[in-house]
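First up is the structure itself, then whatever we jot down about it.
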Amino acid sequence: MKKLLLAVVIGVALSGCGGGGGSDESKPTPPPVVDIKPTAAQGTIKSVDYDYNTINVNGHSYKVEQVKYGSQVLPITSLKPDMMVEVSMLSRSGAVVSVEPTMVGVVTTISADRKTFVVNGVTLSFALDRHIELHDWVMVSSLPQATADGLGYKVLSVVKIEQEDVAGQYEIEGRLSGLDQNTQTFKLGATTKVFFTPYVIEDNAKLMNGQWVEVKGHMINDEFHATEVEVETYDDFDNDHEIEGIVTWVNSDKSQFELNARGRFIVNALTRFEDGTKARLAAGELVEVTAFNGVAKEIEFERGFGGETGNWREFDREGYVTSVGDEHFRMAGETFYVDAYTEFEDFLTLETLHGQYVEVEGVIINGKKVAREIEREDD
Numbered sequence: 121m122k123k124l125l126l127a128v129v130i131g132v133a134l135s136g137c138g139g140g141g142g143s144d145e146s147k148p149t150p151p152p153v154v155d156i157k158p159t160a161a162q163g164t165i166k167s168v169d170y171d172y173n174t175i176n177v178n179g180h181s182y183k184v185e186q187v188k189y190g191s192q193v194l195p196i197t198s199l200k201p202d203m204m205v206e207v208s209m210l211s212r213s214g215a216v217v218s219v220e221p222t223m224v225g226v227v228t229t230i231s232a233d234r235k236t237f238v239v240n241g242v243t244l245s246f247a248l249d250r251h252i253e254l255h256d257w258v259m260v261s262s263l264p265q266a267t268a269d270g271l272g273y274k275v276l277s278v279v280k281i282e283q284e285d286v287a288g289q290y291e292i293e294g295r296l297s298g299l300d301q302n303t304q305t306f307k308l309g310a311t312t313k314v315f316f317t318p319y320v321i322e323d324n325a326k327l328m329n330g331q332w333v334e335v336k337g338h339m340i341n342d343e344f345h346a347t348e349v350e351v352e353t354y355d356d357f358d359n360d361h362e363i364e365g366i367v368t369w370v371n372s373d374k375s376q377f378e379l380n381a382r383g384r385f386i387v388n389a390l391t392r393f394e395d396g397t398k399a400r401l402a403a404g405e406l407v408e409v410t411a412f413n414g415v416a417k418e419i420e421f422e423r424g425f426g427g428e429t430g431n432w433r434e435f436d437r438e439g440y441v442t443s444v445g446d447e448h449f450r451m452a453g454e455t456f457y458v459d460a461y462t463e464f465e466d467f468l469t470l471e472t473l474h475g476q477y478v479e480v481e482g483v484i485i486n487g488k489k490v491a492r493e494i495e496r497e498d499d
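First residue of the sequence shown: 121, per the numbering used here; consecutive thereafter.
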């Protein structure tokens with residue numbers, strides 16, 4: 121976020137009067153430009169200066185005090201452009217940079233043209249660096265992408281790492297689906313099957329379909345066995361926290377939107393827009409958001425971004441609900457699904473939907489119409 125504070129400096133140049141009575145007026149010194157950084161930021165690294173220990177994230181330059189992946193300290197040379205990171209200001213002297221990859225794992229397949237590869241059971245599209253080979257450990261940074269199979273991954277960078285740097289632990293993030301408490305399994309993305317136990321779920325969170333989760337563990341026979349499952353949201357983020365991401369849903373009046381399939385923000389009359397207007401707010405846009413108590417204070421659109429995250433499909437329907445099932449309901453001959461991010465208005469619940477005349481807004485994921493907002497309508 122390019123928030124610049126212009127310090128006002130008034131320079132008055134006075135020159136002594138000589139015998140001829142002439143004066144020499146000089147132009148005022150231009151005011152210095154000060155970069156007002158948020159105390160915390162999440163986004164991709166635009167550039168790294170190893171000589172001066174600085175990185176640029178979301179248009180801000182940060183002096184790097186420490187680099188971490190989990191609890192492990194890494195050298196600043198581990199940071200590369202287009203890696204996803206979270207920056208926390210310790211003091212004016214420096215910041216802690218936490219590496220936040222979407223995946224950490226072993227490359228198990230590379231196509232002949234090197235434009236697709238497989239990590240943690242997920243087939244990804246990206247032109248691999250020639251130094252990356254089969255069985256190398258890599259960190260993959262990505263943004264959500266709409267695909268024919270649903271919510272996929274727009275790969276931003278693939279960085280080769282040494283196994284000892286990450287203690288041999290695999291990691292994968294994604295949208296949780298197909299949750300089965302009986303077999304203690306769920307699916308991430310289109311293909312990765314994850315096995316878990318209740319003891320590995322952080323903060324005693326309740327797992328639900330639709331959540332964005334971060335899973336650490338091990339790949340065994342093409343299956344991911346979790347040692348840690350954490351539900352990822354923006355609920356606990358500091359108010360002075362700036363987030364870069366993809367808009368994954370917007371309601372019809374553009375008063376609410378979802379970011380990176382893991383958190384929702386409100387847009388009101390005080391929301392400021394940079395490099396675009398409210399009319400531009402749509403699924404698939406890359407933005408930087410600064411929020412306060414869940415309200416977007418500022419939304420900046422990424423200049424030159426061409427919507428390279430797939431064809432996001434949204435829907436808006438209304439009618440009488442004719443039947444209700446487990447995490448779904450029927451209306452006008454169509455089936456609609458609810459998940460962790462479905463919001464019920466007008467005191468509605470899934471159990472009270474039957475017979476109600478409602479409007480349903482949502483997004484299509486894995487070919488399913490997933491409701492994001494359900495409200496009662498007059499028929």
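Here a beta-carbon is modelled for each residue, glycine too, at the ideal position from N, C-alpha and C.
Quick caveat: nothing in here was measured; it's all calculated off a predicted structure.
So the candidates are the options; which of them puts its Cα closest to the Cα of residue i?
i	options	result
Arg-392	Gly-414, Glu-420, Trp-369 and Ala-346	Glu-420
Ala-389	Ser-375, Arg-382, Tyr-319 and His-338	Ser-375
Thr-347	Pro-318, Tyr-354 and Glu-362	Pro-318
Met-328	His-345, Asp-355, Gly-298 and Phe-344	Gly-298
Gly-424	Glu-434, Val-415 and Asp-395	Asp-395
Tyr-290	Val-224, Pro-195, Ser-211 and Leu-470	Val-224
Gly-439	His-474, Asp-249, Glu-479 and Phe-456	Glu-479
Gly-190	Thr-469, Thr-312 and Gly-288	Gly-288
Gly-309	Thr-243, Ser-277 and Phe-315	Thr-243
Met-203	Thr-228, Val-279, Thr-197 and Asp-498	Val-279
Asp-459	Leu-296, Ser-198, Gly-487 and Ile-386	Leu-296
Lys-307	Asp-498, Ser-277 and Leu-271	Leu-271
Ala-416	Val-387, Arg-234, Leu-248 and Arg-437	Val-387
Asp-342	Phe-315, Leu-248 and Gly-241	Gly-241
Val-441	Glu-471, Phe-435 and Phe-412	Glu-471
Asp-498	Lys-488, Gly-487, Lys-489 and Gly-475	Gly-475
Val-227	Ser-213, Phe-456, Gly-487 and Ser-245	Ser-245
Please go through the same chain and pick out, in chain order, the residues whose beta-carbon is closer than 6 Å to the beta-carbon of residue i, but skip the five residues on each side of it.
i	result
Glu-334	Glu-293, Glu-350 and Glu-352
Val-217	Val-184, Val-187, Val-205 and Val-207
Asn-176	Lys-166 and Ser-167
Ser-231	none
Glu-422	Leu-406
Ala-452	Gly-439
Which residue marks the beginning of the beta strand (DSSP E) containing residue i, and which one marks its end?
i	result
Val-367	361-370
Asp-192	First, the amino acid is wrong: residue 192 is Gln here, not Asp. Run containing Gln-192: 192-194, per the beta strand (DSSP E) assignment.
Gly-298	290-300
Met-203	First-last for Met-203: undefined, no H or E at that position.
Ala-264	Contrary to the premise, residue 264 reads as Pro rather than Ala in this sequence. Per DSSP, Pro-264 belongs to the beta strand (DSSP E) from 257-267.
Thr-410	406-412
Asn-176	174-177
Ala-160	160-169
Ser-213	Ser-213 -> no beta strand (DSSP E), and no H or E assigned at all.
Leu-254	Leu-254 -> no beta strand (DSSP E), and no H or E assigned at all.
Arg-526	Absent from the model: residue 526. The displayed extent of the chain is 121 to 499, so no value can be given.
Evaluate residue i with the Cβ neighbour count: other Cβ atoms within 10 Å of its Cβ, from every protein chain shown; 16 or more gives buried, anything less gives exposed.
i	result
Lys-122	With a pLDDT of 44 at Lys-122, under the threshold of 50, the modelled position of that residue is not reliable, and no figure is offered here.
Glu-405	buried
Thr-410	buried
Asn-380	buried
Gln-301	exposed
Ala-268	exposed
Gln-192	exposed
Asn-431	exposed
Asp-355	exposed
Thr-429	buried
His-180	buried
Tyr-477	exposed
Asp-323	exposed
Arg-382	buried
Ala-491	buried
Tyr-273	buried
Leu-134	Residue confidence is low: Leu-134 scores 38 on pLDDT, short of 50, so the model does not pin down where it sits. No coordinate-derived value is stated.
Could you name the residues of the same chain whose beta carbon sits closer than 8 Å to that of residue i, not counting the 5 residues immediately before and after it, in chain order?
i	result
Thr-159	Ser-208, Met-209, Asp-358, Asp-360 and His-361
Glu-465	Glu-493, Ile-494, Glu-495 and Arg-496
Arg-433	Ala-266, Val-483 and Ile-484
Arg-384	Gln-376, Phe-377, Glu-378, Gly-414, Tyr-461 and Glu-463
Gly-140	Low per-residue confidence applies at Gly-140: pLDDT is 48, beneath 50, and the placement is therefore not dependable enough to give any value.
Lys-200	Ile-165, Val-168, Ser-277 and Val-279
Gly-136	Legend: pLDDT at Gly-136 = 45, less than 50; position of this residue unreliable, value from coordinates given subsequently. Correct list: empty, nothing qualifies.
Leu-468	Gln-476, Val-478, Ile-494, Glu-495 and Arg-496
Within its chain, find whatever has a CB closer than 7 Å to the CB of residue i; leave out the 5 residues flanking it on each side and keep chain order.
i	result
Glu-364	Gln-162, Gly-163, Thr-164, Asn-178 and Glu-408
Phe-215	In the sequence as displayed, the identity of residue 215 is Ala instead of Phe. The answer, listed in chain order, is Tyr-182, Lys-183, Val-184, Glu-185, Val-207, Ser-208 and Met-209.
Legend entry - Segment contact, 8 Å Cβ cut-off, at least three pairs: the segment 176-184 with the segment 247-254: no
Inset, instruction - Evaluate the contact criterion for the segment 368-376 versus the segment 478-488: three or more CB pairs, one atom per stretch, below 8 Å. - result: yes
Inset, instruction - Take every Cβ of the segment 209-225, pair it with every Cβ of the segment 257-271, and state whether three or more of those distances are shorter than 8 Å. - result: yes
Inset, instruction - Mind the definition here: the segment 442-449 touches the segment 395-402 only if three or more C-beta pairs lie below 8 Å; say whether that holds. - result: no
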